[in-house]
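Below: the structure, in structure tokens.
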Amino acid sequence: GLMRRDIGGYPYLLALKTSDGTIAWATRLDDNPAALITQTPTVHKGSVYIGCSSLEEARAGQPVEQYTCCSFRGSFSKVDAVTGQVVWKTYTAPLGWSGAAVWGSMPPIDQQRGLVYIATGAPRGQLAGQAVRTEQSRR
Numbered sequence: 010g011l012m013r014r015d016i017g018g019y020p021y022l023l024a025l026k027t028s029d030g031t032i033a034w035a036t037r038l039d040d041n042p043a044a045l046i047t048q049t050p051t052v053h054k055g056s057v058y059i060g061c062s063s064l065e066e067a068r069a070g071q072p073v074e075q076y077t078c079c080s081f082r083g084s085f086s087k088v089d090a091v092t093g094q095v096v097w098k099t100y101t102a103p104l105g106w107s108g109a110a111v112w113g114s115m116p117p118i119d120q121q122r123g124l125v126y127i128a129t130g131a132p133r134g135q136l137a138g139q140a141v142r143t144e145q146s147r148r
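For the sequence shown, our numbering gives the first residue as 10, with consecutive numbering after it.
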């Protein structure tokens, strides 16, 4: 994939060989053309935890032939650190919504509870439309 700072397009998680710095494996975490990774991964017990974000806001103004707006959904994945295979992937917005990109620093893991914490933002779609209708109904 090609990464350009204004459009995204490079949501790959890479593992490098310590012996010579070459790529051991590369896993694409999302197929959306605006997707990218902005979060530092957390490695824990043989797995890599990483979220996927996008530059969809930057691409929203492009002609529809170049990009269909509001099609990206944020996600969070657990990847096998040895093979690069995705163990599981969960979306942060329901089907039919968009946004809720995962961004920020390393996701902390609560070992006692078996939880990982992530930050998301900018949900769009039904949730955003509902919020507008609620505000309008108060007038």
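Glycine residues also receive a C-beta, built at the ideal position from the N, C-alpha and C atoms.
Computed from a predicted structure; not experimentally measured.
Item: Rounded separation between residue 118 and residue 125 - CA only; Value: 4 angstroms
Item: Beta-carbon spacing of residue 123, residue 90 below 8 angstroms; Value: no
Item: Which listed residue (22, 76, 59) has its alpha carbon closest to that of residue 113; Value: 59
Item: Residue 99 versus residue 68: straight-line alpha-carbon distance, rounded; Value: 24 angstroms
Item: Straight-line gap, residue 86 to residue 97 (C-alpha atoms, nearest Å); Value: 6 angstroms
Item: Beta strand (DSSP E) runs contained entirely in the stretch 16-75, provided each spans 3 or more residues; Value: 21-25, 32-37, 51-53, 56-63
Item: Strand pairing of residue 85, partner residues [DSSP]; Value: 60, 99
Item: C-beta contact flag for residue 25 and residue 32 at 8 angstroms; Value: yes
Item: Beta-carbon proximity of residue 116 to residue 71, cut-off 8 angstroms; Value: no
Item: Contacts around residue 131, its chain only, beta-carbon distance under 8 angstroms, and the 5 residues preceding and following it disregarded; Value: 66, 108, 109, 110
Item: Option nearest residue 93 by Cα separation, candidates 52, 129, 105; Value: 52
Item: Residue range of the unbroken beta strand (DSSP E) whose run includes residue 113; Value: Segment: none, residue 113 is in no beta strand (DSSP E) and carries neither H nor E.
Item: Unbroken beta strand (DSSP E) run spanning residue 128, endpoints; Value: 128-130
Item: Assigned exposure category for residue 23 - 16 Cβ within 10 Å defines buried; Value: exposed
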